[in-house]
Amino acid sequence: MVNIAVLVSGGGTNLQALIDSQPDFPEGKLALVLSSSSDAFALERARLAGIDACVLVPKSFDTRSAFTQAVLDELSRRDIGLVVLAGFMFILEGSFFEVYRNRVLNVHPALIPAFCGKGFYGLKVHRAVLDYGVKLTGATVHFVDEVCDGGPIVLQKAIDVLPGDTPESLQLRVMRECEHKLLPEAVSLFCQGLLRVSGRLVERLAKPGKT
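Each residue of the sequence shown is one higher than the one before, starting from 0 at the first, in numbering that gives the first Met the number 0.
Shown next as structure tokens:
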């Protein structure tokens, strides 16, 4: 059984997608929701689902290193085997990814390597997509390392950019049609042991007994 921690900062719609999809990954357990904000609605989602939750506010710590260590301590207490970043608006120190190398998943609201990296988050991503005039966008689930949005890609899904789309309408469709489907699938694959990382690439393995 893989104990899963979901790190959040806001509403937690991707957390809800994981809660709703929990039967699809019986090899994993949503063991902790850790929020960087005491006002995050994601905490209410955790409460309603009966998931243990805690709050660590970055401003309460003197350094980023101290905050990172506090997060690691909370994960260690619960024997967390997989960390999911679901709208977590704080960049952890590189030491975190040394401890959890190839065990941290993030969902990004664009088709990496496009519209990613420092400064590309939330509605800013979708504004950039529309400003650039591309015809396709989507979402990417990837392993997280020290490079912002630079870890090995696990899954991607694309949708059309429609005439008349706004950043808000595009954000909503990317969440509903891409993020909320990709993230539970990636978590399921991880919990089943069907992902293997080689360098910057992810290989999807077949289930035992299948070719």
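Glycine included, every Cβ here is placed at the ideal spot set by N, Cα and C.
Close Cβ partners of residue i (< 6 angstroms) along its chain, the five nearest in sequence each way excluded
| i | result |
| --- | --- |
| ILE79 | ASN2 and ALA4 |
| ASN101 | PHE142 and VAL196 |
| VAL173 | PRO108 and ALA138 |
C-beta neighbour in chain B for residue i, strict 8 angstroms
| i | result |
| --- | --- |
| GLY93 | Chain labels in this structure do not include chain B; a single protein chain is all it has. |
C-alpha distance - residue i paired with residue j, whole-angstrom precision
| i | j | result |
| --- | --- | --- |
| PHE114 | VAL82 | 23 angstroms |
| HIS125 | THR136 | 9 angstroms |
| ALA185 | SER94 | 24 angstroms |
| PRO22 | GLY9 | 24 angstroms |
| GLY49 | ALA157 | 33 angstroms |
| PRO166 | GLY121 | 9 angstroms |
| ILE111 | GLY11 | 22 angstroms |
| LEU17 | HIS179 | 8 angstroms |
| LEU14 | ALA85 | 7 angstroms |
| VAL7 | VAL153 | 20 angstroms |
Contact under 8 angstroms by Cβ, residue i with residue j
| i | j | result |
| --- | --- | --- |
| VAL196 | PRO162 | no |
| PRO183 | PHE40 | no |
| VAL160 | ALA138 | no |
| LEU204 | LEU169 | no |
| GLU73 | LEU33 | yes |
| ALA52 | LEU42 | yes |
| LYS206 | LEU193 | yes |
| LEU91 | VAL140 | no |
| CYS147 | GLY116 | yes |
Same chain, Cβ closer than 8 angstroms to residue i, five either side skipped, listed in chain order
| i | result |
| --- | --- |
| SER37 | VAL54 and VAL56 |
| PHE89 | SER8, SER35, PRO57 and PHE66 |
Residue burial classification, residue i (beta-carbon count within 10 angstroms, cutoff 16)
| i | result |
| --- | --- |
| ARG44 | buried |
| SER64 | exposed |
7 angstroms Cβ shell around residue i - same chain, five flanking residues per side excluded
| i | result |
| --- | --- |
| GLU26 | MET0, VAL1, CYS190 and GLN191 |
| ALA69 | LEU55 and PHE60 |
Residues bridged to residue i [DSSP beta-bridge criterion]
| i | result |
| --- | --- |
| GLY27 | VAL1 |
| LEU104 | VAL83 and PHE142 |
| GLY137 | ALA157 |
| ILE152 | HIS141 |
| ALA52 | VAL32 |
| GLU202 | ARG195 |
| LEU6 | LEU33 and LEU84 |
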